[in-house]
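From first to last, the protein sequence lines are chains A and B. If you read the first sequence in the numbering used here, its first letter stands for residue 49, the second for the next number, and so on. If you read the second sequence in the numbering used here, its first letter stands for residue 535, the second for the next number, and so on. In this text, a Cβ means the ideal position worked out from N, Cα and C, and glycines have one as well. Quick caveat, the model's predicted, so the values are computed rather than measured. Have a look at the structure below, then the notes.
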Amino acid sequence: AQSVAQPEDQVNVAEGNPLTVKCTYSVSGNPYLFWYVQYPNRGLQFLLKYITGDNLVKGSYGFEAEFNKSQTSFHLKKPSALVSDSALYFCAVRDFGTGGFKTIFGAGTRLFVKA
Amino acid sequence: DAGVIQSPRHEVTEMGQEVTLRCKPISGHDYLFWYRQTMMRGLELLIYFNNNVPIDDSGMPEDRFSAKMPNASFSNLKIQPSEPRDSAVYFCASSSQGQGAEAFFGQGTRLTVV
Numbered sequence: 049a050q051s052v053a054q055p056e057d058q059v060n061v062a063e064g065n066p067l068t069v070k071c072t073y074s075v076s077g078n079p080y081l082f083w084y085v086q087y088p089n090r091g092l093q094f095l096l097k098y099i100t101g102d103n104l105v106k107g108s109y110g111f112e113a114e115f116n117k118s119q120t121s122f123h124l125k126k127p128s129a130l131v132s133d134s135a136l137y138f139c140a141v142r143d144f145g146t147g148g149f150k151t152i153f154g155a156g157t158r159l160f161v162k163a
Numbered sequence: 535d536a537g538v539i540q541s542p543r544h545e546v547t548e549m550g551q552e553v554t555l556r557c558k559p560i561s562g563h564d565y566l567f568w569y570r571q572t573m574m575r576g577l578e579l580l581i582y583f584n585n586n587v588p589i590d591d592s593g594m595p596e597d598r599f600s601a602k603m604p605n606a607s608f609s610n611l612k613i614q615p616s617e618p619r620d621s622a623v624y625f626c627a628s629s630s631q632g633q634g635a636e637a638f639f640g641q642g643t644r645l646t647v648v
């Protein structure tokens, strides 16, 4: 069965500093990995995904994530945080080959960027 | 495209009543998902459809929950009878056919059962 772990409930960073939101996953096959962001009273918005190829993927709003197969991780990063990045971030995994389209989400990490 | 459209945005109902949540996916998308979000359990996949056919309903909590997709442009999720523990935000999402395709989420329906 596939699973996703986001070990931090909350991440606090100062504006202008780099940020990292952690994600580890477990699948029996090959993973498709996603990051989504949720603002208050809104649905989830897609940020970026890893399907295959380059381990470093770039997405919306200056975010990027690095796929690390040996560590089964897919951490979300941004070189310089903005106050407007404050939101709830979800990592998700789809098990290619065994899980069909079943996409499992992590518990979410709340990012707070202080001015 | 207007995106995934869910209605109503908010629903307050009394315990024991039937609740119907509605979803219109993005035109051309082949997959439709229903998720439930709560503080305690996070985001749970309830059921998903491919080309209007239910593929995996293992996340549906119990028989009180049912979901249908009568055509490519509409799905509903029903709870009958509703209970206070069903209170949550219910999201509908859709995606295209590709295995690596991302999902597009609606704004959700906040359900409160009193």
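- Look at Tyr582 (chain B) here: in three-state DSSP terms it is strand.
- In this model, Ala113 (chain A) and Leu95 (chain A) are separated by some 10 Å (Cα to Cα).
- Within the DSSP secondary-structure output, Ser121 (chain A) pairs in a beta bridge with A:Thr72, A:Asn116.
- Among the CB atoms of chain A, one or more fall inside 8 Å of the CB of Ala637 (chain B).
- Secondary structure at Val647 (chain B): strand, using DSSP grouped into helix, strand and coil.
- DSSP places Arg158 (chain A) in the strand class (E or B) of the three-state scheme.
- Chain A places a beta carbon closer than 8 Å to that of Gly642 (chain B), counting this residue as a contact.
- Assigned with DSSP and collapsed to three states, Ser628 (chain B) falls in strand.
- Taking C-alpha positions only, Phe160 (chain A) is separated from Asn60 (chain A) by approximately 5 Å.
- When DSSP states are grouped into helix, strand and coil, Val61 (chain A) belongs to the strand group.
- In the DSSP assignment, Arg142 (chain A) falls within the unbroken beta strand (DSSP E) covering 135 to 144.
- The beta carbons of Val538 (chain B) and Gly640 (chain B) sit closer together than 8 Å.
- For Thr157 (chain A), no Cβ of chain B is located within less than 8 Å of the residue's own Cβ.
- Taking the C-beta atoms as reference points, Ala622 (chain B) is found nearer than 8 Å to Thr572 (chain B).
- Judged by beta-carbon spacing, Ser134 (chain A) lies beyond the 8 Å limit of Pro66 (chain A), meaning their Cβ atoms are not closer than that value.
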